[in-house]
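There are 4 protein chains.
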Amino acid sequence: MATSLGANQYGKAEVRVVRVHRDGDTHSLKDLNVSITLSGDLEAVHTTGENANVVPTDTQKNTVYVFAKDGIGAIEAFALRLGRHFAARFASIGRARVHVEEYSWARLEVDGSPHPHAFRRAGNEVRTATAVCDAEGEWVLSGLADLVVLKSTGSEFTGFIEDAYTTLAPATDRILATAVSARWRHAGNATEDWDASFAASRELMLEAFARTHSLSLQQSLHAMATAAIDGRPEVVEVRMSMPNKHHFAVDLSPFGLENPNEVFHADDRPYGLIEAAVQADDAPAAGPAWDPYPLLPG
Amino acid sequence: MATSLGANQYGKAEVRVVRVHRDGDTHSLKDLNVSITLSGDLEAVHTTGENANVVPTDTQKNTVYVFAKDGIGAIEAFALRLGRHFAARFASIGRARVHVEEYSWARLEVDGSPHPHAFRRAGNEVRTATAVCDAEGEWVLSGLADLVVLKSTGSEFTGFIEDAYTTLAPATDRILATAVSARWRHAGNATEDWDASFAASRELMLEAFARTHSLSLQQSLHAMATAAIDGRPEVVEVRMSMPNKHHFAVDLSPFGLENPNEVFHADDRPYGLIEAAVQADDAPAAGPAWDPYPLLPG
Amino acid sequence: MATSLGANQYGKAEVRVVRVHRDGDTHSLKDLNVSITLSGDLEAVHTTGENANVVPTDTQKNTVYVFAKDGIGAIEAFALRLGRHFAARFASIGRARVHVEEYSWARLEVDGSPHPHAFRRAGNEVRTATAVCDAEGEWVLSGLADLVVLKSTGSEFTGFIEDAYTTLAPATDRILATAVSARWRHAGNATEDWDASFAASRELMLEAFARTHSLSLQQSLHAMATAAIDGRPEVVEVRMSMPNKHHFAVDLSPFGLENPNEVFHADDRPYGLIEAAVQADDAPAAGPAWDPYPLLPG
Amino acid sequence: MATSLGANQYGKAEVRVVRVHRDGDTHSLKDLNVSITLSGDLEAVHTTGENANVVPTDTQKNTVYVFAKDGIGAIEAFALRLGRHFAARFASIGRARVHVEEYSWARLEVDGSPHPHAFRRAGNEVRTATAVCDAEGEWVLSGLADLVVLKSTGSEFTGFIEDAYTTLAPATDRILATAVSARWRHAGNATEDWDASFAASRELMLEAFARTHSLSLQQSLHAMATAAIDGRPEVVEVRMSMPNKHHFAVDLSPFGLENPNEVFHADDRPYGLIEAAVQADDAPAAGPAWDPYPLLPG
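Line by line, the protein sequences are chains A, B, C and D. Per this note's numbering, the first sequence runs over residues 1 to 298. Per this note's numbering, the second sequence runs over residues 299 to 596. Per this note's numbering, the third sequence runs over residues 597 to 894. Per this note's numbering, the fourth sequence runs over residues 895 to 1192.
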């Protein structure tokens, strides 16, 4: 059977680089996990093992370290610097995708004063940035992952389809809990202050989650995405993935007790998974910004 | 800013169902993890929280259990049964995607004879099946994940691009190790024997991995995918994701010792990640078979 | 061969209970993972399967939920309440160990004001409490886990033993990073304010980490443990486990660059693991407080 | 407050060494994860940071690689070689504990013949060995972890204590599933064939699991441990930790269906945890064989 090579990409994943910046005795930290994905004229390496067009993933790793030496800055900017390098420098590489995760650190305090070089990890929330660069343009996504939020009331779920397999009772008061993963696409690649843009978008989404009297997790997701687009002109599209982390009110009636939404079991599996994209009507084309990575669906 | 809802999908993820089949005193097991994803006319639930078009994820879970009662069979067939149900039964649901992971069990032996109802988990390799059903058609993917393979020789990596950031030396003999994730698309939805098809495709890929004198991991991947397409007429496209699990020969020279590829450190991160699709030239259209799940890129 | 039953214990592990407390419209959360371990007159259940002396683990789970209904309070107090119940109520149960993990939540802010019922997970640091209760007495441990800290300077490692297998160069300036796991034993079971005691002990340990110019990770650990004992009369013993999370300065010399401790690779494995106990000389006997759980060494 | 240093230990954890052995063109693999723990005269390193008595964990890692160069053999023997080295060579080190995990690989077949240098990971079951060496003696533990087994019938749980918090109904037929972790202590350190001893002990335990009509998980555990001691004179003590991985029969009555133990939900948390030790009455003293590692209870 004659066959053809289809979509393909390769790169070095999860380069764990920590950059210490020194301002006199006062240090600051950038703690990153960088993954690079290249594509281009790579037919031969697949069909014959001819590597003449291949930038080794080991070289990609070295490049991250060398670029880190020059300073990191906002991770969107760092991803763009790396992406431009790979897309521009090698004739065989048409497109580069650079994805960065950033782990946050807070300064320790001693006697009420911030310590110049001692830190603690500040939460498990992860900030992300993705830059995709090719001859046609550049695309930048900011994002966050593992932001776990919960409302202990102000959430309902009623009026759904019922069929022969439905046992769920409508709920007019339930816990709503999720771990927010979000990515948002920027109108361009020249936001003046990526850090301020990230902080504002994150804040808008969190406020929308809190404010929304939720009739469904989809509605909460949509409100969060819309808030970011409405509040930030540079944000033109938001995609979110939010598991419904079920908290079941425990039946205490066998023990002669009522449970007016006080005692819950936090369940692991199964869980609902809600995903959607919202975009501004005047958004520029997304190009390859959302191309799948990894290539295989989950 | 006027906004529009884009791609969206929802469902119950990771329903852990175990089905015991009894043939007299002799039992057999099917141990599955089922994830369902629905899409369709779901604008209102996002914008207003109106749930009239929503099949609750709790109902989806119940449906898995009820269908399991009728027996599982091959997981491709089980995924199709569930997918057809959701896509056909609810006017608001246009498309259903059902993804099944299967964990394998082996029968324990006592005094050299197979025991009728005692089992052990047989490996961490996972068999998968995905069915996507909508009004346009049906698509079936078989697959596997976490199949860890290694060649202790017969692997090279030379002739690559060198630039200012290259330190890697060419290797004419190295360990090649990876954890294979693969999905392959079937020509249709009526394979007579899904189990035999799966076993044969898996075997073809493993043999190709072993046979190929590897000049690059891409070449090994391509050989594996091509072997399945060439050997099985029902397989029309293969997509694979293979991390390069680096094994570094330890430098023993400080201890006055040579290390002719005998002692290796198995490293965790970073790792290479190689991904590609190969398809038969006469493959029917893939339709939504490879649509991203989750929606967000990693 | 005649055999005897040795150490044994059983119980329900990882009961994930979330308790919502309502003060008018203002809610607060306690999010716990509770594990119970009982021991006593349990010979028969092992040797003959006679369950007359067994409190089912399902009942243990129910008991957690019922006790949660009465309110949680500090987790040390909650662990004691549960431990006393199991140790006192059942003739066959001589000793109960209750271990509680608490996950912290912070209130979301909207328009600069704290929201009454919307929260986010505040960090991956875990607070723990363990109560062991038997006829001889009661023992309480407070603790924390997954507190990741780092010093970007102020750490050395020199003067160590060198032998034929040593290649490590002495370091007068290195990154010191670890994930602190600590447990500390209280003098009694009646601390008036467990929350204040926990906060103060944690603060003393963090300040000691920051203050100590570290000549070894052991020294930092010892300083942290001693600070808690010195600063808090109710703390009579501290045990700590601290992995040395290696950060290796990347060799940039192949690229013509110096790296004065600016660019590091955060390595995964192997890692150093440093463990020690420090106790006050007038500490009361530890009894079964530190008995192994799980029973098997790692 | 005057304080004293208590129990303490340190070492390099999780050295991931892969050793390729070559017999002509036919290769074989040993894939290990080695953790070393040393204790001794280590007061000064804790109290003053004086490292004169410290064998760096980096040196420990190097030693693993150097010893691997000489060949691995059975992991019990490899652990003993390393343990003896550390305990004997350094005046400041009184005791060494070496713990080895081994991952198994199976040879791939091509055209029905075993391939000389291509392998696949064979299961997620882990074989372990622990050697503890000091001036008083040597102790060897063999073990296994993550051996997942299940009986689909032949398991009951009845006759247990009932109290006000009991809702569990007695079960005369249920699924029994667990992930076996076991360690067994050898009478001495000179077993002629560690591999044969391991295989036989594992087989005895698996057969006992299958044979035992289980009235409680404790009974199954005890039968497994006793079978190994009875069947193997070199095995003098067995300790096991077995989670009760609950499989709940799904209530299908809302759908007009019976469920005679056919459809189960495999739950994640909470789970029962059953632990016990069984020893031969003439077992020699265990010495430090079971000393806790890590030092902190879970």
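For each residue, glycine too, the CB sits at the ideal point set by N, CA and C.
Throw me the rounded Cβ distance for the residue i and residue j pair, which I believe falls under 8 Å.
i: A775(C); j: F753(C); result: Their Cβ separation, rounded to whole angstroms, is 19 Å, which puts A775(C) and F753(C) out of contact at 8 Å.
i: F984(D); j: I757(C); result: 6 Å
i: K69(A); j: N785(C); result: About 55 Å separates the two Cβ atoms, so there is no contact after all.
i: V1132(D); j: V1172(D); result: 5 Å
i: G1053(D); j: N658(C); result: No, G1053(D) and N658(C) are not in contact; Cβ-Cβ is about 19 Å, not under 8 Å.
i: T128(A); j: V100(A); result: 7 Å
i: S1110(D); j: S1036(D); result: No, S1110(D) and S1036(D) are not in contact; Cβ-Cβ is about 26 Å, not under 8 Å.
i: A1071(D); j: K1139(D); result: 4 Å
i: F86(A); j: L32(A); result: About 17 Å separates the two Cβ atoms, so there is no contact after all.
If we define contact as Cβ-Cβ less than 8 Å, is residue i a contact residue for chain B?
i: L923(D); result: yes
i: F1158(D); result: yes
i: H125(A); result: It is worth fixing the name first, because residue 125(A) is Glu in this sequence and not His. Judged by the 8 Å Cβ criterion, E125(A) is not in contact with chain B.
i: G1048(D); result: yes
Any C-beta of chain A sitting closer than 8 Å to the C-beta of residue i?
i: P582(B); result: no
i: F455(B); result: yes
i: T357(B); result: yes
i: Y401(B); result: no
i: N857(C); result: yes
i: H711(C); result: yes
i: T768(C); result: no
i: T848(D); result: Residue 848(D) lies beyond the range of chain D shown here (895 to 1192); nothing can be said about it.
i: V364(B); result: yes
For chain D, check one thing: does any of its Cβ atoms lie closer than 8 Å to the Cβ of residue i?
i: R865(C); result: yes
i: F674(C); result: no
i: K310(B); result: no
Using C-beta distances below 7 Å, list every residue in its chain close to residue i, excluding the 5 sequence neighbours before and after it, in chain order.
i: L406(B); result: H413, A416, F417, R418
i: S302(B); result: none
i: A885(C); result: V728, W735, L737, R781
i: S748(C); result: I771
Return the first residue and the last residue of the alpha helix (DSSP H) that residue i is part of.
i: R680(C); result: 671 to 685
i: I825(C); result: 813 to 827
i: N604(C); result: It is not in any alpha helix (DSSP H) - N604(C) instead sits in the beta strand (DSSP E) that spans 599 to 609.
i: N62(A); result: 57 to 69
Using a Cβ-Cβ cut-off of 6 Å (strictly less than) and excluding sequence neighbours within five positions of residue i, which residues of its own chain qualify?
i: I36(A); result: G11, K12, Q60, V98
i: R174(A); result: S155
i: E275(A); result: S241
i: H511(B); result: G452
Taking 8 Å as the threshold (beta carbon to beta carbon), is residue i in contact with chain C?
i: F119(A); result: yes
i: W1184(D); result: yes
i: F546(B); result: no
i: A462(B); result: yes
i: F553(B); result: yes
i: A1171(D); result: yes
i: R978(D); result: no
i: V18(A); result: yes
Confirm the yes/no value for this check: CB of residue i, any heavy atom of the ligand GDP, distance under 7 Å.
i: L678(C); result: Summarising the ligand content, the structure contains no ligands, and the ligand GDP is consequently not present.
Counting only the same chain and skipping the five closest in sequence on each side, list residues whose C-beta sits under 8 Å from that of residue i.
i: P1127(D); result: A1081
i: A227(A); result: L204, M205, E207, A208
i: G83(A); result: A96, R97, V98, A131, V132, C133, E138
How far does the beta strand (DSSP E) with residue i in it reach, from first residue to last?
i: A96(A); result: 93 to 110
i: S929(D); result: 920 to 934
i: Y569(B); result: 569 to 578
Across the stretch 422 to 433 of chain B and the stretch 441 to 449 of chain B, are there enough close Cβ pairs to call them in contact, namely three or more that are closer than 8 Å?
Three or more Cβ pairs drawn from the stretch 422 to 433 of chain B and the stretch 441 to 449 of chain B lie within less than 8 Å of each other, which places the two stretches in contact.
Inter-stretch contact (C-beta, 8 Å, three-pair minimum) for the stretch 335 to 347 of chain B and the stretch 300 to 319 of chain B
Enough Cβ pairs lie closer than 8 Å, so yes.
When you compare the stretch 907 to 921 of chain D with the stretch 431 to 438 of chain B, are there three or more beta-carbon pairs, one atom per stretch, that lie closer than 8 Å?
By the criterion of at least three beta-carbon pairs nearer than 8 Å, the stretch 907 to 921 of chain D is not in contact with the stretch 431 to 438 of chain B.
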